[in-house]
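Those letters in the sequence shown? Residues 0 to 117, per numbering that gives the first Met the number 0, in order.
Notes for the one structure printed next.
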Amino acid sequence: MNPNQLAAPQSDDGERSWIEAYPLDDLWEGEMEGVEVAGHKVLLVNADGEVRAYRNQCPHQAWPLDEGDFDGEKIICPNHSWEFDAKSGCGINPNDCALTRYPCTVNDDGVICVDVVR
Ligand code: FES
C-alpha cells in the first residue's frame, strides 16, 4: 500500500504526539482491529486503503466496536446494529451521531501511529 493513500492527520497546528499502535502490513483493506494506545482503547480500520483511528466505543451505550462487523465501508455495532461510515466516522443509521476520531499516520517503519492526546 502506498502510504500517501493514508489519511493525513487532522488539523495540525502544532506538534503531534504520535504513538506506535499497529503494523500497517497487518491491517489489510476491509479489516478493523481494536488496540490499546497509551491506555486508550482505539479502533483502527482500513477502508479502501485509507486508515482511520476511532475511540473503540459506540456512542450509543459504549459497546466495543471491534466486536462488531466491518463490511469495508460501514462499521456496525454488535449491540444494537448502529452503523457508521468507516472513513468519516459519521453515523449512517442513525445519522445524528459520530465516532470520536483520533489523528493517525504511518511512520517510516510502516507502523500506524495514533495521537490520542488531542
Ligand atoms: S451500544 Fe452500539 S448500537 Fe447500542
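Glycine included, every Cβ here is placed at the ideal spot set by N, Cα and C.
Which residue wins for smallest C-alpha separation from residue 51, given the options 75, 76 and 32? The count along the sequence shown starts at 1 and reaches residue 51 at position 52. It is 32 whose Cα lies nearest to the Cα of residue 51.
Rounded to whole angstroms, how far is the Cβ of residue 58 from the Cβ of residue 97, which I believe are closer than 8 Å? In the sequence shown, counting from the first residue as 1, residue 58 sits at position 59. In the sequence shown, counting from the first residue as 1, residue 97 sits at position 98. Their Cβ separation, rounded to whole angstroms, is 7 Å, which keeps residue 58 and residue 97 in contact under 8 Å.
Between residue 20 and residue 113, how many whole angstroms is the CB-CB distance? I'm expecting something under 8 Å. Within the sequence shown, numbered from 1, the residue matching residue 20 stands at position 21. Within the sequence shown, numbered from 1, the residue matching residue 113 stands at position 114. The Cβ separation is near 5 Å, so the contact holds.
Among residues of its own chain, excluding the 5 on either side of residue 115, which ones have a beta-carbon nearer than 6 Å to its beta-carbon? The residue given as residue 115 occupies position 116 in the sequence shown. 36, 37, 39 and 101.
For the candidate residues 23, 65, 72 and 49, whose alpha-carbon lies nearest to that of residue 41? Counting from 1 along the sequence shown, the entry for residue 41 is found at position 42. Among 23, 65, 72 and 49, the Cα nearest to that of residue 41 is on 65.
What residue does the beta strand (DSSP E) around residue 76 start on, and which one ends it? Position 77 of the sequence shown, counted from the start, is the residue given in the question as residue 76. Premise fails: residue 76 is in no beta strand (DSSP E) and is neither H nor E.
Residue 99 (DSSP reduced to helix, strand or coil): Here residue 99 is taken as the residue at index 100 of the sequence shown, counted from 1. Correct three-state label for residue 99: coil.
Between the Cα of residue 108 and the Cα atoms of 44, 60 and 23, which residue gives the shortest distance? Start at 1 with the first residue of the sequence shown, and residue 108 comes out as number 109. For the residues 44, 60 and 23, the minimum Cα distance to residue 108 belongs to 23.
Hey, how far is the Cα of residue 94 from the Cα of residue 88? Stepping through the sequence shown from its first residue, residue 94 is reached at position 95. Stepping through the sequence shown from its first residue, residue 88 is reached at position 89. Roughly 11 Å between the two C-alpha positions.
Residues near ligand 1, CB to any non-hydrogen atom under 6 Å, in chain order? 57, 59, 60, 62, 76, 78, 79 and 81
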